[in-house]
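Just so you know, we're using the working numbering here: the sequence shown kicks off at 46 and counts up by one. Think of the CB as a built atom: it goes at the ideal place given N, C-alpha and C, for glycine as much as any other residue. Since the model is a prediction, treat every value here as computed from it, not as a measurement. Have a look at the structure below, then the notes.
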Amino acid sequence: MMEWRDQVAVVTGGSRGIGRATARLLASRGAAVCINYISNGEPAEALAREIGAAGGRAVTAAADVSDAEQIRRMVERIEGELGPITILVNNAGIITAGTLETFDSESFEHMRRINVHGVIHATLAVVKGMRQRRYGRIVNVSSVAGIGTALPGSTFYAATKAEVSLLTRRFALELGPQGITVNAVAPGFVRTDMTERVRRDPDFERRLSERAMMRRIGEPEDVANAIGFLAAPESGWITAQVLTVDGGRTDFIGHA
Numbered sequence: 046m047m048e049w050r051d052q053v054a055v056v057t058g059g060s061r062g063i064g065r066a067t068a069r070l071l072a073s074r075g076a077a078v079c080i081n082y083i084s085n086g087e088p089a090e091a092l093a094r095e096i097g098a099a100g101g102r103a104v105t106a107a108a109d110v111s112d113a114e115q116i117r118r119m120v121e122r123i124e125g126e127l128g129p130i131t132i133l134v135n136n137a138g139i140i141t142a143g144t145l146e147t148f149d150s151e152s153f154e155h156m157r158r159i160n161v162h163g164v165i166h167a168t169l170a171v172v173k174g175m176r177q178r179r180y181g182r183i184v185n186v187s188s189v190a191g192i193g194t195a196l197p198g199s200t201f202y203a204a205t206k207a208e209v210s211l212l213t214r215r216f217a218l219e220l221g222p223q224g225i226t227v228n229a230v231a232p233g234f235v236r237t238d239m240t241e242r243v244r245r246d247p248d249f250e251r252r253l254s255e256r257a258m259m260r261r262i263g264e265p266e267d268v269a270n271a272i273g274f275l276a277a278p279e280s281g282w283i284t285a286q287v288l289t290v291d292g293g294r295t296d297f298i299g300h301a
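Printed below as a string of C-alpha cells:
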C-alpha cells in the first residue's frame with residue numbers, strides 16, 4: 046500500500062477556505078501539495094511558506110480550471126516538479142445567487158464552467174497517469190445544495206453541484222477498474238470567504254445553526270478531514286460515494 050509520503054496532491058482553489066484547510070491537512074500527513082489558484086497568488090504563496098516551515102512540501106500554480114489547456118499545462122508542470130499526481134481534490138468553485146425570476150444565462154454558464162467543467166478538465170488532466178499506475182484518489186467538492194437543502198436563492202448553484210455529484214458516480218464507474226477511486230463530499234454551510242457576505246447577518250448564521258443537529262455551522266477543517274479520509278491510501282474500497290458533511294442539516298426539500 047502506498048504511504049502518505051509517496052503522495053502528490055493537487056488541490057484546485059487551494060488558497061482559501063476548504064481548499065486551504067485541505068492542502069494544509071494533506072501536507073501535514075506527508076503528501077507533497079500543489080496549491081492551485083486563479084489570480085491572487087499571495088494567499089497561496091503564504092500557505093506554501095507555512096507548509097514548508099512545518100517541514101512539508103508545497104508549490105503553487107496559477108490556472109483557471111475552466112480552461113482545459115491551462116489545467117493540462119499545470120498538471121504537466123507539477124508532475125515534473127513533485128512527481129506523479131496521486132490525489133486530485135476538485136475544490137474550485139463559485140456561487141452566483143439567483144432565482145427563477147432573476148436567472149441570467151451568462152452568469153449561470155460562467156458558474157457552470159468553473160463548478161462543472163472545472164471538475165472534468167482537472168480529472169482528464171490527471172487520469173492518464175493514474176490509469177498507467179493503476180492508483181488514484183479523486184475527491185470532488187459538491188454541496189448539500191445539490192441534494193436539496195432549502196436555502197432560497199441557491200437554485201442554479203445547486204444545479205451545478207448536483208452535476209458534480211452525478212459526475213462523481215459516473216467517473217467512479219469508468220475509472221474503478223483502473224484502481225482509481227472517485228468520491229465527493231457535500232458540505233453544508235461553512236465559514237469561508239465565499240459565505241462571508243451572508244454571514245455578516247448574525248441572525249442568518251443563528252438560523253442556519255438551528256437547522257443543524259450539531260447546532261453550529263461548519264468550519265473548513267470539518268470538510269478537510271472528510272476529504273482527507275477519502276483521499277487516504279486506506280480508502281481504496283470506497284468509491285462512487287457522496288459524503289454529506291453538514292452537522293446534520295434537517296431542512297431538505299423532498300423526502301428521498
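Starting from the C-beta of His162, find all residues in its chain whose C-beta is less than 7 Å away, skip the five residues before and the five after it, and write them out in chain order. Against the sequence shown, residue 162 aligns to sequence position 117. For His162, where only same-chain residues beyond five positions count, the Cβ hits under 7 Å are Ser111.
Tell me the start and end of each unbroken alpha helix (DSSP H) in the stretch 161-190 that is at least 4 residues and wholly inside, in chain order. 163-178
| task | Report the rounded CA-to-CA distance for Ala54 versus Ala77, giving the unit in angstroms. | result | Counting from 1 along the sequence shown, the entry for residue 54 is found at position 9. Counting from 1 along the sequence shown, the entry for residue 77 is found at position 32. One C-alpha to the other measures close to 6 Å.
*asked:* In the DSSP assignment, the beta strand (DSSP E) including Ile80 goes from what residue to what residue?
replied: Locating residue 80 in the sequence shown gives position 35, counting from the first residue. 77-82 is the span of the beta strand (DSSP E), which, as asked, contains Ile80.
Residues near Gly116 by beta carbon distance below 7 Å, same chain, minus five either side | For this step, residue 116 is matched to residue 71 along the sequence shown. Inspection of the sequence shows that residue 116 is occupied by Ile rather than by Gly. Closer than 7 Å at Cβ, skipping near neighbours: Ala108, Val110, His166, Ala167, Ala170.
Can you tell me where the beta strand (DSSP E) with Pro232 in it begins and where it stops? Residue 232 sits at position 187 when you count from the first residue of the sequence shown. Where Pro232 is concerned, the enclosing beta strand (DSSP E) stretches over 225-232.
Q. When DSSP labels each residue in this structure, what does Thr205 get in the three-state scheme?
A. Taking the first residue of the sequence shown as 1, we reach residue 205 at position 160. Thr205 falls in the helix class under three-state DSSP.
- Task: State the beta-bridge partners of Ser199 as determined by DSSP.
- Result: Residue mapping note: residue 199 aligns to position 154 of the sequence shown, counting from 1. The partner list for Ser199 (beta bridge, DSSP) reads Gly143.
If contact is defined by three or more beta carbon pairs under 8 Å, each pair taking one atom from either stretch, is the stretch 202-213 in contact with the stretch 263-270?
no
Can you tell which of Thr200, Val287, Arg214, Val290 has the C-alpha that lies nearest to the C-alpha of Glu146? As a working mapping, residue 146 is identified with position 101 in the sequence shown. Nearest option by C-alpha distance: Thr200.
Item to complete: Let me know the beta strand (DSSP E) ranges lying completely inside the stretch 93-144, each 3 residues or longer, listed in chain order.
Response: 103-107, 132-135
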